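As you go down the protein sequences, you meet chains A and B in turn. Each residue of the first sequence is one higher than the one before, counting from 1 in the working numbering. Each residue of the second sequence is one higher than the one before, counting from 1001 in the working numbering. Don't be surprised by glycine CBs; every beta carbon is placed ideally from N, CA and C. Since the structure is predicted, the reported quantities are computational estimates derived from the model, not experimental observations. Data first, discussion second: the structure below is written as structure tokens.
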Amino acid sequence: MKIDFVLNGEAVSMDVRPDRRLLDFIREDLHLTGSKEGCGQGECGACTVILDGKAVHACLIMTGQLQGRELLTIEGLRKNGELDIIQKAFIKKSAVQCGFCTAGMIMSAKALLMENPHPTEDEIKRAIAGNICRCGGYREIRNAIRSAAYDQEV
Amino acid sequence: MSVKAYFQPSCREGLQEALAKMGAESKIVAGGTDFMVKHRTAPRDYREILSLSCMREMSLIQERSDKCTISIGAMATHSEIASDPLIRTHFPALAMACNQVGSVQIRNRGTIGGNLANASAAGDLIPVLYLLGASIEIFDKEGNLRTIPVEELILQPGRTNLRQQEVIWAILLPLTDCNSYFVKLGARKEVTIADISMCMLWKTEGGRFTSVKSMIGAVDGKPIEPVQIYKDFIGKRMEEVHLPLIAKKLQAMITEIRLQRKTSSRLRLTDAEKLYKERAIKGVFYDLMTGIGF
């Protein structure tokens, strides 16, 4: 099935297997392996991407449902070789340990800050409630998101 | 999964055509948050899949021309409903229920139509839709719309009386001058399946309750209505309502459900776990009362 969608800012037209899981399409067909599979059941958030400006689990979407929509993956955050402010904050604030949850965490944070540039602490917690960090790095992750939102320079 | 045909209509005519092709090996997918999980744990080879993803008309939330009904398109997501001004104003309990489903990512995809069609005993929106006297508009392959009360849609957990070539089109809610509230208890604070949910619809005049309705979800296959507690509210001011007495009645109601159960749980439950809900209902009730201003 042919679908038209926007991928990381660029209009794309591709022939896809519509019932293929979006996460598999992203990782194996588009070769964008930043998004991870942690559970495949919409619990861990490691596969979080942004669809039409909203954070979603790529493991729960069929590729055909991309039709007419805008997809942003972790790879799409870097602009002209420069990391997004959230990515820089994660590095600066030591919010990356094993790194497996990181892409999903950053995408959830990105979706939050796109809609709400100055979130409260509760809003930050809520935004990442669907992302699990097995290393337990939640405090540093929250620090990084707060820093990206509020610090003049990261 | 490798389907023979994948339909993704964007208009009514296309939807009718696709519905006409639905058979015993077909699946209609709304947001996909239940379907994709089930499909992973128990995969089936569907011949046809109908995705409602491009049916924009089915996402609308609006006042109907009769001026006394709000309609919510079946494809409206939990996020959209939770943030919609019409819903927040007129049906706060529904906005609250939608706001507590899963995580942000789930709420951005899961839909009200899907929540209903999935008919889980723990489905968060279902008790609220019973509370608000919802009707369900159903669209068929001929383009006809029929409307049934929500109580008639769900037969038992996991089963609705939707026919093969039909789809939930919209949920209709009669406008009310009553206020409403929803609370949910789960294993954790967020991203949790409901163990008990409770909601209330009420009106006061001169500080006294003149109208009360409540529904309790996730304690039985379908939501239950604790009618026996209404008289403990009507005509009383908040400070005159005897909360401990009402909590005891609710506990007795849940105990009765447990005793009436003909089949035991598939899970190996300890005695404490078996009694969990009839004990926890009291706390849920108090949370609800705190929420409505007690």
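Taking residue i as the query, report the chain A residues whose CB atoms sit under 8 Å from its CB, ordered along the chain.
i	result
V1037 of chain B	Q41, G42, L60
G1032 of chain B	L60, I61, M62, Q65
N1118 of chain B	Result: empty, since nearest Cβ-Cβ is about 13 Å, beyond 8 Å.
S1051 of chain B	P18, M62, G64, Q65
Going straight from the alpha carbon of residue i to that of residue j, what length do you get?
i	j	result
A1005 of chain B	L1245 of chain B	58 Å
E28 of chain A	L72 of chain A	16 Å
L1275 of chain B	L1269 of chain B	10 Å
Q1156 of chain B	A1121 of chain B	8 Å
K1277 of chain B	I1196 of chain B	7 Å
K1189 of chain B	S1083 of chain B	20 Å
G45 of chain A	D1140 of chain B	36 Å
L1015 of chain B	K36 of chain A	34 Å
Q1228 of chain B	A1030 of chain B	37 Å
D4 of chain A	Q152 of chain A	38 Å
S1295 of chain B	M1022 of chain B	Residue numbering for chain B in the displayed model covers 1001 to 1294; residue 1295 of chain B lies beyond these limits and cannot be assessed.
S59 of chain A	K1038 of chain B	Note that residue 59 of chain A is Cys in the sequence shown, not Ser. In a straight line, the C-alpha of C59 of chain A is about 12 Å away from that of K1038 of chain B.
Q1251 of chain B	Y1230 of chain B	15 Å
L1050 of chain B	L1019 of chain B	8 Å
T1111 of chain B	Y1046 of chain B	21 Å
M1 of chain A	S1053 of chain B	15 Å
E70 of chain A	A55 of chain A	12 Å
S1026 of chain B	E1048 of chain B	5 Å
P18 of chain A	D1124 of chain B	30 Å
P1174 of chain B	I1234 of chain B	22 Å
L22 of chain A	M62 of chain A	5 Å
G137 of chain A	F1209 of chain B	49 Å
D1066 of chain B	S1180 of chain B	23 Å
G145 of chain A	V49 of chain A	One point to set straight first is that residue 145 of chain A is Ile, not Gly, in the sequence displayed. Those two C-alpha atoms are separated by around 17 Å.
Just the chain B side, please: which residues come within less than 8 Å of residue i by C-beta, in chain order?
i	result
R142 of chain A	Going along chain B, no residue has its Cβ under 8 Å from R142 of chain A, so there is no contact; the nearest lies around 15 Å.
A129 of chain A	S1103, V1104, E1190, V1191
R126 of chain A	V1104, E1190
Quick one: does residue i have its CB under 9 Å from some CB of chain B?
i	result
M114 of chain A	no
A55 of chain A	yes
Q67 of chain A	yes
T48 of chain A	yes
A149 of chain A	no
L51 of chain A	yes
N8 of chain A	no
G137 of chain A	no
G76 of chain A	no
G99 of chain A	no
S94 of chain A	no
G45 of chain A	yes
A89 of chain A	no
A111 of chain A	yes
At a CB-CB cut-off below 9 Å, which residues of chain A make contact with residue i?
i	result
Y1006 of chain B	M1, R17, P18, D19, M62, G64
C1054 of chain B	Q65, Q67, G68
S1079 of chain B	K54
For residue i, would you say it is in contact with chain A, using Cβ-to-Cβ distances shorter than 9 Å as the test?
i	result
E1190 of chain B	yes
S1103 of chain B	yes
S1026 of chain B	no
G1207 of chain B	no
R1163 of chain B	no
V1167 of chain B	no
V1183 of chain B	no
V1029 of chain B	yes
Under 8 Å by Cβ, that's how I've got residue i and residue j pegged, so tell me the actual separation to the nearest angstrom.
i	j	result
P1223 of chain B	P1127 of chain B	4 Å
K110 of chain A	I132 of chain A	That pair is no contact at about 18 Å.
C1199 of chain B	A1134 of chain B	Not quite, the Cβ-Cβ distance comes to about 12 Å (not below 8 Å), so this is no contact.
I1171 of chain B	I1148 of chain B	Going by Cβ atoms, the distance from I1171 of chain B to I1148 of chain B rounds to 11 Å, so no, they are not a contact pair.
N1115 of chain B	S1079 of chain B	Rounded, the Cβ-Cβ distance is 13 Å, inconsistent with contact.
Taking C-beta pairs closer than 7 Å, name the residues in chain B that residue i reaches, listed in chain order.
i	result
S13 of chain A	In chain order: nothing, as chain B lies at least about 16 Å away.
Give the residues of chain A in contact with residue i, contact being defined as C-beta atoms less than 7 Å apart.
i	result
N1108 of chain B	K54, A55, V56
V1003 of chain B	D19
R1040 of chain B	G40, Q41
Going along chain B in order, which residues have a C-beta closer than 9 Å to the C-beta of residue i?
i	result
G34 of chain A	Those do not exist, as G34 of chain A stays about 16 Å from chain B at its closest Cβ, beyond 9 Å.
(request) Entirely within the region 1085-1128 of chain B and at least 4 residues each: give me those alpha helix (DSSP H) ranges in chain order. (result) As summarised for the region 1085-1128 of chain B, the continuous alpha helix (DSSP H) elements at least 4 residues long and confined to that stretch are 1085-1090, 1092-1099, 1104-1107, 1112-1118, given in chain order.
(request) Entirely within the region 1161-1234 of chain B and at least 4 residues each: give me those alpha helix (DSSP H) ranges in chain order. (result) As far as the region 1161-1234 of chain B is concerned, it has no whole alpha helix (DSSP H) run of at least 4 residues.
(message) In chain order, what are the residue ranges of uninterrupted beta strand (DSSP E) at least 3 long that sit wholly in the region 38-113 of chain A?
(response) 48-51, 54-57, 70-72, all fully within the region 38-113 of chain A.
(request) Return the chain-ordered ranges of every beta strand (DSSP E) run that is complete within the region 1026-1065 of chain B and spans a minimum of 3 residues. (result) For the region 1026-1065 of chain B, whole beta strand (DSSP E) runs of length 3 or above, ordered along the chain, are 1026-1029, 1048-1051, 1061-1063.
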